[in-house]
Ligand SMILES: Nc1ncnc2c1ncn2[C@@H]1O[C@H](COP(=O)(O)OP(=O)(O)OP(=O)(O)O)[C@@H](O)[C@H]1O
Ligand SMILES: Nc1ncnc2c1ncn2[C@@H]1O[C@H](COP(=O)(O)OP(=O)(O)OP(=O)(O)O)[C@@H](O)[C@H]1O
Ligand SMILES: [Mg+2]
Ligand SMILES: [Mg+2]
């Protein structure tokens, strides 16, 4: 499979009033053509910042280092002009909350048109036609009328579809989807996930799919990366990771999900709460919550190791984790 | 049609408001110590003169009868005659109110021209020196008594530099504008400070909004983002405040009008209160109330245009 | 060449340009430029000059005046002035139902015109003031026909219509009037008088009044050359403007007196009034350092009063300032009074009037020295008049200017109790009342002067005022303005003013 | 387990939309959101009743009605046999004490200006649960109960993570020693790992304190895990209710089936590209006539558009509101 | 398990600066005599209109009064104006606003009409009329301002209470069986009051300005009391010859205004991050 995106040692810091904070810490991964990569992790683990860092969509006080190689060019070093062409053009993004991500005071049509204007050479008429096509593509009926309506006149699922339509306007090669279904109902989530899968097939896009729902990963992604406290702690194909998590955290996550047959028994929870990024524990960030933690975990941060084909993990005690077996029976 | 119904509803709401104002102003002016006659005749008036003139003005009638006459005249559009100036009140209002409207309008415009770009600047560079300087400067403008700013502007730009006339109203529209610039600027300073503050924090609230991020993710130009996505949303909350402030200005430009010798409605109002010119105070209050309500209505409409969510 | 249009800054606008029905100085002082009277006050206010009447005669009994009308006088609309107009105008002025000035003409019984050039005024009783009264604005001559052609049923309604576009024989006529902003007068081409240079008056092509309420702005406007004259210059700035070599800072003599009016009733409402004690009043008078007040309030422009009326008033008597400052005497008087430990009282001043405020503030300090606590209450004019007329005030700042070139007007208001209770103070002297009644019939000027001297002695010693100072009219003019003056009665006279063209 | 604590019958609740003067003058019909459309069920002592459904289907409204945060338009709720709408004064306070609610949003459900101690003290003293002197000891006990450190008492809510805040909310509810807990989306806002902690806590407390729980959630797996019985709601109506096991394995309503199918499988090998349910929830302002699900139901036939099906027995304790009793993929109309 | 550590937010700089200015102002207002070198009302005919010098740091006015002493003594009155002209509107407006916001419905409609009437009524007419009716002086000015001022607070509070009452903690209170009054004043109000407090700060600065405007019209503080607005109005005639009479009180107004609005900004920041 051809690699389209190569992220190496991506680090993002925020300078805040209470000191600097590393939101994304030395993250590396790559993405193949037509591949869907799931980025999972709990709230605040840095998923969104990672995604936004890829296209430098960060506030001015943020500092970035590392490389994001897109079609042979490092996005982090691009001129603003080139970046503008990449953003929204070759790489599009959809956001978690359709309600807040669509500008409430502009009609949907205009919000689509903006993207078409910025990235295509179509005439006004052609853009109008294209906008209707896009609405059809994402499954919004009565496109012509809907285009002149405002976001508040759309239901949540419709808004998410509209946002996808905006993102697809420029025929992107890569779609960054930041929890595109979290705010939606299961039946609608189901529709949207399937829409994204269909579009991936039709348009031959690659997708990075941020979510904290393991079910969504299992149902849609090819590969997955698990983030904890700003780092990627485990990467692998979805099948591999679900079959045998090698990081204690991944294992805990999988165990936290209720399963059939264990009704009303205690879940295998991870004690404690994820650390605040401004107070990351020394050594392995997960060690205070980890059942497998040993001396070394408290002292040094584990490197990322390739333990099986395409299966990488950053854990000192991954062997012990593997030995206890999968939480999934 | 929602717009028409919106306007109609607002106009209907105006009725109780106006009735309330009608009663309050009628009672209020009559509670003022002294009466029009002795206010006009002054110290030399003899009792017989006062009585005779009161009788001529109908001020010896009972309050209920006077109120009846007043209400009736309001509904027939005739606001009576000025007691001291002896001309119809409607004529006076037609003469003086447009001047205040022009003054206020100019002040509003100047305030916007000052406040909007600087609010952007301050918001986008918040916490930096530019932000501090801009906010500091506006604060000084906000804290200075109007008559003081007025005199300083007059002295510097009027008398010393000669760029603007020293007070007055002038003849002809262009001349009016020229004459009203300094007083409008004076009024605008405090208004723009309020607008700037509000808009700045609105912009700060908006620049990091998800939809602005999303717009940036689309790769459209920074100018478009600021004007279409940021400004429009930031203005929504500011517009209401702006309308409110203009409303206040309309009735509160007295001191500026005095300092700059602008023959506006504010001065007429104060002179009439001092002169116990009941018909003028009453008529002008009603006119101002209607005008202020129309201003509010316009700002509401503008707000509804900016923000499709409010138009139901 | 003489001419030009002069712009004059006024502090407030006129209200009503009818000579008979108007009620305020803002009208009076301007009216005389539009309307002429039969007789005119002289420039110094002390004597009379021919105007529309070229000569006049009061008969020996003092109850009939015969006047010869000037020939060829035309109204500003070109119609000739007739004896009929004169008879009508005077009759209207004297009608007790008209306005508030008719009392000046109360003695008039009947006005007739035996021939086209003669007017005979028959009086009800001998009136020593009648000639002066004929120089007062309310007896100005108006065109009867034009007035009566006005819409309206009553005299009042006609007057209101007429005053929108008044027609008189004055040097100027109203061109346009934007209320509260400006009033434009233009030269009356039909004006009858000739100037000292033999050319027809007025010299000016027009006079424009601009209303500039704020003192500082009015001065700024003068300094910047936008206007050529400004009235009511604050005394604080007289010295500064005198030093300005682009301006003439004029101080026209006036009949203006400034004093404090004291309520002398024993009780005010249900509270005892310390000011009714004559000793207290004397103490207060002695405790006031008039020179200091003249200094801090008028910046040396005023002079301490030597009588309750100004030195420019005919029959004024008195040579030395009243109640020369003597704190010891004041303290002694206080000790003798019913209030040896002092008391608290109040003074009403006009809100926004810096002079009154400054005076009151100074008095507050000065009276504190004799144990009197003075509260200053700034109120608007109507409130003050209300308390004044009701007699519920303690003290108020007062100022007076004569409208007529005679001592009788001021005396009737100040001292003669039947008019307004001696400045609404409740003060009453039977002797003064008697003297005043006599003086109003006394045709012998010397005897009359004696009567007024006696009135002044009594009033000055025991009257209900704290006399302060008299002041001129401070008017600043551009150097280019010549020939403008204000007479002691306040009339602004533009007819001889000119600017180099 | 057969002791009914709360029984609800025929509950209806709608929220009128505000109408302008013009609309009123022109006599346009009053519009309303029909949040509950004839809901009936019984809650047994000691059980956990799960309530699931999509957003806006009326779950929270139902929960709020149970604690009388809303007054019903129609229908009755009986608590221990007494109509709660008729309760007043001390009886009402007692009801409010014995039936407690815990809220979804860990951020807005605690007063940010009150410390944990103030929050708990208020609950304890208003209901006079303890004498003033015993309150501190009780607070310590409660913190222990929900496994919060003792030093938490004097902190403000903003000092806590979401999971901890939910514990505070639980502590507040437990402070007044209730018998019924209505938990509205208790863990929906929490992280996966923390969710498990709170679920475990709830299970444990229920056991120890013998609580009856109404557990409202949209996460099917969670509801299945926690509940003895489950009710599925659609557009303000319970469309299926029954024991957890049979409801999830042998669901009797097409909507329940769609819901189950739409929830992604945790097993990557069981992927499907088939869409579980087409379309969206109809507007609760104009709910469909006939069966509420008819706009999305693959099995809908004429009767479904004219007659609204009522809950009817399918097996022991298991009821569903559908005109069909068994259906198959091939019965699907489309 | 440990409680997440709350970051102790640094006190925002505006609050520090504003607080220092206001603290200093309050000290001057309470103990003016300690700082004023002269009796603020004592005339000195020998020293009229003296320029600033060693003996009179800010010069003297037209009565020979020491400008510095008057500026200092004016703190007493102006701070009093700032506080009393606003505290009653604040309190009344807060209570009414809280009730209206909580009750909603008809109360809100009625309140809306009252607000309309008050804000469309020309403010100055009301103030001048009330002061003319009751007589001049600060007390009556407070009344006049209060008649109108409460509306703005009530509006702000009502809007905020409306937002707050929809939050779960308000429902939690109700579900706990708490009384409405307890919920309104113990729970909602503390959370709703922030914008009103911030507005209060601005309002105090505006009150001083209004006081000075009324002083200009002669309706505010009565002499001999030193008040900045009155001082400036007094000094107006001397702008060209004795600028110090008006400039120093002017600076005092600006500085105090700055103090209030910095404090307002700072408070807004603190109270916002507190949530
Ligand atoms: N603009 C910013 N300034 C400072 N810190 C930020 C900023 N944006 C994000 N962070 C911090 O970076 C960390 C990671 O945030 P991020 O939004 O990437 O989390 P996430 O994994 O997407 O979480 P969620 O599931 O809640 O969306 C958080 O601790 C957040 O506080
Ligand atoms: N106070 C209210 N006023 C008006 N409408 C309301 C109110 N509360 C709820 N609704 C409406 O009633 C319907 C049911 O709402 P409810 O909150 O009960 O749904 P829910 O099932 O809890 O949804 P969610 O999963 O989103 O919490 C929705 O359409 C909602 O908009
Ligand atoms: Mg995120
Ligand atoms: Mg809910």
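Chains as they are written, first to last, in this note's numbering: chain A, 1 to 329; chain B, 1001 to 1312; chain C, 2001 to 2501; chain D, 3001 to 3334; chain E, 4001 to 4275.
C-beta atoms are modelled at their ideal positions from N, C-alpha and C, and glycine is treated no differently.
inquiry  = Let me confirm a value: residue 2145 of chain C is counted as buried when at least 16 other C-beta atoms fall within 10 Å, else exposed. Which label applies?
reply    = Label assigned to residue 2145 of chain C: exposed.
key: Contacting residues, own chain, Cβ-Cβ under 7 Å from residue 1263 of chain B (five flanking each side not counted)   = Once the five neighbours on either side are set aside, the close Cβ partners of residue 1263 of chain B are 1096, 1099 and 1169.
message = So, at 7 Å on beta carbons, what are the nonlocal neighbours of residue 1050 of chain B in its own chain, with the 5 sequence-adjacent residues on each side left out?
response = 1037, 1038 and 1041.
query = Taking the alpha-carbon positions, what's the residue 4003 of chain E to residue 286 of chain A distance?
reply = For residue 4003 of chain E, the pLDDT reaches just 39, beneath the cut-off of 50, and the residue's location in the model is therefore unreliable, leaving the point undetermined.
task = Keeping to the same chain, check which residues put their C-beta closer than 6 Å to that of residue 15 of chain A; ignore five residues upstream and five downstream.
result = Once the five neighbours on either side are set aside, the close Cβ partners of residue 15 of chain A are 61.
task = State buried or exposed for residue 2299 of chain C, treating a residue as buried only when at least 16 other CB atoms are found within 10 Å of its CB.
result = Buried, because 16 or more other Cβ atoms sit within 10 Å of the Cβ of residue 2299 of chain C.
key: Listed by chain order, chain D residues near residue 4191 of chain E by CB distance under 9 Å   = Residues of chain D passing the Cβ test: 3111, 3112 and 3113.
Among C:2488, C:2038, C:2276 and C:2043, the one whose alpha carbon lies nearest that of residue 2464 of chain C = If we check each option's Cα against that of residue 2464 of chain C, C:2276 comes out closest.
message = At the 8 Å Cβ level, is residue 1148 of chain B part of the contact set with chain E, yes or no?
response = Flagged as an interface residue toward chain E: residue 1148 of chain B, by a C-beta distance shorter than 8 Å.
ask   = Name the residues in the stretch 1159 to 1189 of chain B whose C-beta lies less than 8 Å from a C-beta of chain A; which are they?
value = Here the close residues number zero.
request  = Pair every Cβ in the stretch 1126 to 1137 of chain B with every Cβ in the stretch 2177 to 2194 of chain C, then say whether three or more of these pairs are closer than 8 Å.
outcome  = Judged by Cβ distances under 8 Å, the stretch 1126 to 1137 of chain B makes no contact with the stretch 2177 to 2194 of chain C, as fewer than three pairs qualify.
Proximal residues to residue 1102 of chain B (C-beta, below 7 Å), its chain only, five neighbours per side dropped = Excluding residues within five positions, the ones whose Cβ falls inside 7 Å are 1176 and 1180.
task = Just list the beta strand (DSSP E) runs in the stretch 121 to 207 of chain A, keeping only unbroken ones of 3 residues or longer that don't cross its boundaries, in chain order.
result = If we require 3 residues or more, the beta strand (DSSP E) runs fully inside the stretch 121 to 207 of chain A come out as 174 to 178.
Cβ-based burial, residue 4072 of chain E [other Cβ within 10 Å; buried from 16] = Flag for residue 4072 of chain E reads buried.
ask   = By a C-beta neighbour count over all protein chains shown, 10 Å radius and 16 as the cutoff for buried, is residue 1312 of chain B buried or exposed?
value = For residue 1312 of chain B, the predicted model reports a pLDDT of 46, less than 50, meaning its position is unreliable; a value from the coordinates is still stated below. That one is exposed.
task = Answer with buried or exposed for residue 2072 of chain C, where buried requires no fewer than 16 other C-beta atoms within 10 angstroms of its C-beta.
result = So residue 2072 of chain C counts as exposed.
request  = Note down, one range per segment and in chain order, each beta strand (DSSP E) of at least 3 residues found wholly within the stretch 3181 to 3252 of chain D.
outcome  = You should have 3212 to 3216, 3229 to 3234 and 3237 to 3243.
query = Would you say residue 3284 of chain D touches ligand 2, meaning its beta carbon is less than 7 Å from a heavy atom?
reply = Within the cutoff, so yes.
message = I want to check one thing, is the minimum distance from the CB of residue 4164 of chain E to the heavy atoms of ligand 3 below 7 Å?
response = Checking every heavy atom of ligand 3 against the Cβ of residue 4164 of chain E, none is found closer than 7 Å.
key: Residue span of the beta strand (DSSP E) that contains residue 2418 of chain C, given as start and end   = Taken as a continuous stretch (DSSP letters only), residue 2418 of chain C belongs to no beta strand (DSSP E), being part of the alpha helix (DSSP H) at 2417 to 2424.
query = Who are the Cβ neighbours of residue 2102 of chain C in its own chain at under 7 Å, not counting the five residues just before and after it?
reply = Result list for residue 2102 of chain C: 2093, 2094, 2095 and 2096, in chain order.
request  = Determine the burial state of residue 4139 of chain E: buried for a count of at least 16 other Cβ atoms within 10 Å of its Cβ, exposed for fewer.
outcome  = With fewer than 16 other Cβ atoms from the protein chains shown falling within 10 Å of its own Cβ, residue 4139 of chain E counts as exposed.
request  = List the residues of chain F whose Cβ lies closer than 7 Å to the Cβ of residue 4236 of chain E, in chain order.
outcome  = Among the chains of the structure shown, chain F does not appear; the protein chains present are A, B, C, D and E.
request  = Could you please give the first and the last residue of the uninterrupted alpha helix (DSSP H) stretch that includes residue 2366 of chain C?
outcome  = Element bounds for residue 2366 of chain C: 2354 to 2368.
inquiry  = Less than 8 Å between CB atoms is the rule here; does residue 2224 of chain C satisfy it with respect to chain E?
reply    = With 8 Å as the cut-off, residue 2224 of chain C does not count as an interface residue toward chain E.
key: heavy atom of ligand 4 below 7 Å from residue 323 of chain A C-beta   = No, Cβ of residue 323 of chain A sits at least 7 Å from all heavy atoms of ligand 4.
query = For residue 3048 of chain D versus residue 3228 of chain D, is the C-beta distance shorter than 8 Å?
reply = Their beta carbons are under 8 Å apart, which means residue 3048 of chain D touches residue 3228 of chain D by this criterion.
key: Chain-ordered chain A contacts of residue 1307 of chain B [CB-CB under 8 Å]   = Within chain A, the residues near residue 1307 of chain B are 104 and 105.
Minimum Cβ-Cβ distance from residue 4158 of chain E to chain D less than 8 Å = Contacts with chain D at 8 Å (Cβ-Cβ) do not include residue 4158 of chain E.
request  = Report yes or no: is there a C-beta of chain B within less than 8 Å of the C-beta of residue 4011 of chain E?
outcome  = False, the Cβ-Cβ gap to chain B never drops below 8 Å.
request  = Verify the CB distance criterion: does residue 2477 of chain C have a CB-CB separation below 8 Å to chain B?
outcome  = False, the Cβ-Cβ gap to chain B never drops below 8 Å.
request  = Tell me whether residue 3081 of chain D is buried or exposed, calling it buried when 16 or more other Cβ atoms sit within 10 Å of its Cβ.
outcome  = Counting the other Cβ atoms within 10 Å of the Cβ of residue 3081 of chain D gives fewer than 16, which makes it exposed.
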